[in-house]
Amino acid sequence: SFTEDSAPEDQMPSAKMITAIIFVPIFLIVLNTLMASPLVDASDFPNWINYMIDLLGHPFTALIIANLLAWYFLGVKRGVTKDKLLKIAAKSFESAGIIILLTGAGGAFKQILINTGAGEMIANNLNESFINPLLFGFIVAALIRVLQGSSTVAMITAAGITAPLLEGANYAESQISLIVIAVASGALILSHVNDSGFWLVGQYIGLNEKQTFKSWTVMTTIISLVGLGVSSLLWYLL
Numbered sequence: 334s335f336t337e338d339s340a341p342e343d344q345m346p347s348a349k350m351i352t353a354i355i356f357v358p359i360f361l362i363v364l365n366t367l368m369a370s371p372l373v374d375a376s377d378f379p380n381w382i383n384y385m386i387d388l389l390g391h392p393f394t395a396l397i398i399a400n401l402l403a404w405y406f407l408g409v410k411r412g413v414t415k416d417k418l419l420k421i422a423a424k425s426f427e428s429a430g431i432i433i434l435l436t437g438a439g440g441a442f443k444q445i446l447i448n449t450g451a452g453e454m455i456a457n458n459l460n461e462s463f464i465n466p467l468l469f470g471f472i473v474a475a476l477i478r479v480l481q482g483s484s485t486v487a488m489i490t491a492a493g494i495t496a497p498l499l500e501g502a503n504y505a506e507s508q509i510s511l512i513v514i515a516v517a518s519g520a521l522i523l524s525h526v527n528d529s530g531f532w533l534v535g536q537y538i539g540l541n542e543k544q545t546f547k548s549w550t551v552m553t554t555i556i557s558l559v560g561l562g563v564s565s566l567l568w569y570l571l
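Residue numbers (our numbering): 334 to 571.
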């Protein structure tokens with residue numbers, strides 16, 4: 334088991350090493366984002382620097398670099414065998430694979446709604462009923478979140494359904510941003526047994542299901558409702 338295979342505490346990697354490895358992809362992605370933003374004039378730098386930052390700062394590249402650093406400094410350099418590293422990697426893919434599949438399924442579902450015209454039909458009905466698009470996005474994301482568990486899938490799908498509402502409408506950029514916040518807030522609500530995060534938090538902290546409901550589920554619901562409340566308030570103030 335993991336506990337039996339764990340190294341003694343004095344042989345564990347230092348917090349500085351782990352923090353540095355985690356910081357590398359964040360730094361590269363943020364640097365790439367800044368270079369592509371109006372805050373920085375990329376023409377002030379040589380082309381090769383812009384190309385390198387664009388390459389290394391892409392999320393895929395940055396995360397691959399972080400994984401390679403982790404493999405070397407936390408594995409190879411500390412004497413971990415190749416078989417052990419492969420075993421650890423395979424175990425990691427078990428949980429990551431589910432997330433990738435759910436995200437892909439959510440994206441496919443969103444595209445089905447767009448291509449079949451279902452999203453546009455919902456949008457037309459919504460416009461006729463005069464429901465606030467901010468509230469609509471929140472409700473759609475919340476329903477999907479409660480039914481299938483994944484906040485990522487809920488956000489992607491709700492965004493695909495809500496997007497037709499914004500086409501042709503004269504919403505300001507600030508209002509569109511608030512709709513995005515409302516969708517994200519709806520996707521956080523009521524985390525329960527069909528959410529992998531529910532079990533992850535419970536197992537890591539050592540809580541049973543009842544305790545996780547009373548703490549984690551309540552917390553995610555409060556965060557969700559506060560997000561809706563703040564975005565709704567700003568919607569009418571701006």
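All residues carry an ideal CB built from backbone N, CA and C; glycine is no exception.
For Asp-377, the number of other beta carbons within 10 angstroms of its own is below 16, and it is reported as exposed.
About 17 Å separates the beta carbon of Ser-518 from that of Leu-571, a gap too long to meet the 8 Å contact definition. With a cut-off of 8 Å on Cβ pairs, the region 367-385 is not in contact with the region 410-423, counting fewer than three such pairs. Ser-564 is positioned such that its CB atom lies no closer than 8 Å to that of Leu-498. The beta carbon of Thr-554 sits closer than 6 Å to the beta carbons of Ile-522 and Leu-523 from its chain, once the five residues preceding and following it are set aside; these are given in chain order. The beta carbons of Met-488 and Ala-475 sit no closer together than 8 Å. Within its own chain, the residues whose Cβ lies closer than 8 Å to the Cβ of Leu-388, once the five positions on either side in sequence are excluded, are Thr-394, listed in chain order. In its chain, beyond the 5 residues on either side, Arg-478, Ala-520 and Leu-521 have a beta carbon closer than 7 Å to the beta carbon of Ser-484.
For Asp-387, the uninterrupted alpha helix (DSSP H) segment begins and ends at 380-389.
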